[in-house]
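Below you'll find the structure, written out as structure tokens, and then a few comments.
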Amino acid sequence: MINSFLANSFLDKISLNSIQKDAVCYDEGPQLVFAGAGTGKTRVLTAKIAWLIQNKNIYPNQIFAATFTNKAAREMQKRVEDLTSIPCYGLWIGTFHSLCARILRKEAEKIGYNSFFSIYDEADQISCIKKVAKSFNIDERNMSPKMLISKISKYKNYCIPPKQLAGHGQNYYEELVINAYSEYQKMLFKQNAMDFDDLITNCVYLFRENNDVAEYYQSLFKYILVDEYQDTNLAQFYLIEILSKKHKNIFVVGDDDQSIYTWRGARLENILTFEKKFPNTKVFKLEQNYRSTKGILDFANAVISGNKIRASKRLWTTQKGENDVTIVRYRNDQSEAESVTDCVSELIKNGVNPGNIAILFRTNAQSRLFEDSMRKRQIRYVLVGGISFYERKEIKDCLAYLRLCVNKKDDASCERILNVPPRSIGDKCREILIKKSKQKQKSLLETILEESDLSDYGRGQNGILEIKKLFSSIYAFQEKNISPYKILKFILTETGYITMYEEDDTEESQSRIENINELLNALAIWEKDNISKGLLEFLEEISLSTDIDRYEQKDDCVSLLTLHSAKGLEFSHVFIVGCEDGILPSTLNIDKEEMIEEERRLLYVGITRAMKYLQISYTDSRWRFGNLLPMEKSRFLYDIPKEYYNYIDKSNLYLFEEDFNTKVIQSPHKEKNKLDKSDYNSNNYKNEEDFSQERIEYKIGQMVFHKSYGKGRIVNISGFGNDMKMTVLFNNGTRIRLMAKFAKLET
DNA sequence: TTGTTTATTCTTTTT
DNA sequence: GAATAAACAA
252 MINSFLANSF LDKISLNSIQ KDAVCYDEGP QLVFAGAGTG KTRVLTAKIA
302 WLIQNKNIYP NQIFAATFTN KAAREMQKRV EDLTSIPCYG LWIGTFHSLC
352 ARILRKEAEK IGYNSFFSIY DEADQISCIK KVAKSFNIDE RNMSPKMLIS
402 KISKYKNYCI PPKQLAGHGQ NYYEELVINA YSEYQKMLFK QNAMDFDDLI
452 TNCVYLFREN NDVAEYYQSL FKYILVDEYQ DTNLAQFYLI EILSKKHKNI
502 FVVGDDDQSI YTWRGARLEN ILTFEKKFPN TKVFKLEQNY RSTKGILDFA
552 NAVISGNKIR ASKRLWTTQK GENDVTIVRY RNDQSEAESV TDCVSELIKN
602 GVNPGNIAIL FRTNAQSRLF EDSMRKRQIR YVLVGGISFY ERKEIKDCLA
652 YLRLCVNKKD DASCERILNV PPRSIGDKCR EILIKKSKQK QKSLLETILE
702 ESDLSDYGRG QNGILEIKKL FSSIYAFQEK NISPYKILKF ILTETGYITM
752 YEEDDTEESQ SRIENINELL NALAIWEKDN ISKGLLEFLE EISLSTDIDR
802 YEQKDDCVSL LTLHSAKGLE FSHVFIVGCE DGILPSTLNI DKEEMIEEER
852 RLLYVGITRA MKYLQISYTD SRWRFGNLLP MEKSRFLYDI PKEYYNYIDK
902 SNLYLFEEDF NTKVIQSPHK EKNKLDKSDY NSNNYKNEED FSQERIEYKI
952 GQMVFHKSYG KGRIVNISGF GNDMKMTVLF NNGTRIRLMA KFAKLET
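If you read the first sequence in this note's numbering, its first letter stands for residue 252, the second for the next number, and so on.
Here is the structure:
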């Protein structure tokens, strides 16, 4: 038969063990695949899609596959095409957010939007919620914009619209949040905009409220596949529950031990209760690890076994290896960076490919010291995350202009560029415009475009006229199908945006101009690759793509990334740095056991990235938030049997004077930093005795007793000696910052 | 209205 | 320490 012939041909191209093969070829309803780290999860998922297309004769556009990054989606699609030799253009593969955006672009009208809606990122969200907060007179001290956004996000993760909550607040504050939520949604709707959460929830609402639409997609998608299922939230669960209702072919892959996004609404329960939610589920467990040596795996198992909430499993491997895990103690963050970089340099000298080496950290802020020391040694590196290219001011300005070209109602973007470059439109003129737009029930830009007499705008009228002219020409261009690249170019010259930076001759402005040129380049290349697509698609790709999507494992570059963005990647040599209490686990997550468990999983994810060699380090002190803080080895490193790792104490490793001087000369930082750094250095030499004494007295996490507040725990310490302050969380719930020398705490 | 200085706040991870 | 907001001078 043709089928079996084809089946063999494609299964030959990809090697699978018997469990993997069973998982790929099973075809009787819901399937849950527990796939531990390095067990070939992606391989199974890819083979599954290929198998469906080739053996089950399912069309690519009948498959809905949610991956965790867009990059993974692209790679998987390409691999499937290689395996099947069938072009998979119509395949629905991407992140939940991009898949939902794709559906919503088609169905926007059914929920009152139009298909040119803008997608708002966190910065846009914050600027909107600030306005809402202002209109409700919410005091920022009590409720920060970020907090409001996260509360609203929580409601959205549960797919609860504001109208369902109205009047159900348990107290005054909850009621306030609900009102703000309601107002915020109205605001976005007016601007024809959705935030990230809306992409998912609006899809769910769309299906809930439009039976015919739901039925259409239910019959279209014969198969639903979800990768990294442990990191899905409730809204995403509702979505796949709806979509799989008709054919009941749902295939999810995940690993509860690698769930690291519960802070963003992901629910471990999704994977742990999958069998209950989808009757007749067949479970597969992949436990053979093909990535790491036995030494690394034993260590990983030892770390993760400290968690209570997990499905039982144990990874194993046939790859031998000992002495491949090392724990190192350093004196401070700077010597950690220097020494780790030395190790990296040594590895490269010994022939290890830089692309096979990664340095992983908990927070983006930790990357700087490593960047400095790598630059000093002229080792090339790629940094993932931090301030991404598309978050830069100048780029966001350009994008705001472009967004307005697509969506006239995007007030957030309009306000952003109103006076950039400066055109004498200050607060007053802006107020007038906002007032007028409210009267007219139109958006800001629409109001400007319709205005014939501009005298109301006073000193700003010329600026308003400029904007009016600019966008009138742009809309005329668009009718003539002028390319996005040319439009951006036109905007830049017409507004004098680049001239603005050229005029002030600083390094900063120079780099801004370079960034803008880079954006122009990116746009030009994108146009070539996507002839059939337009500005709308370009903007969508940008707003839904992350740094990790753009990251390429380059052979000649060492990778610097956060533990979160390292998920799904592998390297032969891995350094996990800053493994200290307060960092990993983060101070902000040490109050609750579930959060500690998540932090432990984060470490586990980092460990299991390593194939051959793993080095974990911690330091005695660290320069943070402008203070030198004493640090403690991470709690996760206790209770690991000693035979699983080597231990090296480099805490007596000093930075030599001349070493420091060369650093100052080569340091790219400003004059000001030099002083700070030398302070830091001398501090270390002179105050050594006080330093060690203070260190013994109080530690983060330590239980203390206070006369009036009772028992409590130190959650943070800053400063030394007489300046030492600490934050104590008392059992009665109060959280207070105390001067150590006055507090008279009993230990 | 604009640019500069000072004060203050808040420090995580990301679609 | 950095980024943002508020206050102030030009």
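Just so you know, even glycine gets a beta-carbon here, dropped at the ideal spot from N, CA and C.
Own chain residues within Cβ distance below 6 Å of residue i, not counting five before or after
i	result
N521	T483, F488
F722	none
A775	Y736
K928	Any reading at K928 is ruled out, since the residue's pLDDT is 32, under 50, leaving its predicted position unreliable.
D807	P605, R631
Minimum C-alpha distance to residue i - residue among the options
i	options	result
I511	A324, G819, V825, N732	G819
K647	R561, G606, Y748, I400	Y748
E466	L416, W302, K497	K497
R565	E844, E849, T290	T290
P673	G637, I718, A298, E682	I718
N461	G505, K361, T797, E526	K361
T614	G829, R515, K686, P605	G829
K536	S366, R801, A562	A562
Y456	I354, Y632, L879, N878	I354
S794	I451, A274, S349, E492	S349
A316	A288, P605, D478	D478
D263	L283, A298, V856	A298
T513	K414, N408, F826	N408
L267	Q539, N772, M625, I475	Q539
I610	D372, N601, F472, L634	L634
D661	A288, Y364, I337, S495	Y364
A663	A274, T320, I270, A374	A374
Terminal residues of the beta strand (DSSP E) in which residue i lies
i	result
W343	343-345
D623	From DSSP, D623 is part of no beta strand (DSSP E) but of the alpha helix (DSSP H) over 618-627.
S810	809-813
N897	897-901
T532	Counting along the chain, T532 falls outside any beta strand (DSSP E), and DSSP gives it neither H nor E.
Nonlocal neighbours in the same chain, by C-beta distance under 7 Å from residue i, ignoring five residues either side
i	result
F368	A359, N443, A444, M445, N658
V579	Q866, S868, I899, K901
F261	A301, Q305, L334, T335
S734	E778
F671	It is Val, not Phe, that sits at residue 671 in the sequence shown. D648.
Beta-carbon proximity list for residue i, same chain, < 8 Å, skipping 5 on both sides
i	result
F728	K737, I738, F741
K397	I377
M438	C379, K382, V383
F550	V576, I858, L865, I891, Y895, Y896
Residue i versus residue j: straight-line alpha-carbon distance, rounded
i	j	result
Q617	N583	13 Å
R873	D390	34 Å
D508	A817	15 Å
I344	C454	16 Å
R330	I400	38 Å
I501	S639	35 Å
K559	I834	22 Å
D208	I841	The first residue shown for the chain is 252 and the last is 998, placing residue 208 beyond what the model contains.
L653	L743	11 Å
Q313	T293	20 Å
D678	L669	11 Å
C649	E642	11 Å
E894	E788	54 Å
Y541	T568	7 Å
K686	F621	50 Å
F529	L598	49 Å
L283	A324	20 Å
E245	Q421	Limits of the chain in this structure are 252 at one end and 998 at the other, which puts residue 245 out of reach.
DSSP beta-bridge partners of residue i
i	result
A317	G345, V477
D780	The partner list for D780 (beta bridge, DSSP) is empty, contrary to what the question assumes.
E831	K884
N840	Paired residue(s): none; N840 is not in a bridge.
M954	R964
W567	Q539
First and last residue of the uninterrupted alpha helix (DSSP H) at residue i
i	result
W302	292-306
N583	That residue, N583, is in no alpha helix (DSSP H); its beta strand (DSSP E) goes 576-583.
V455	447-460
G714	712-730
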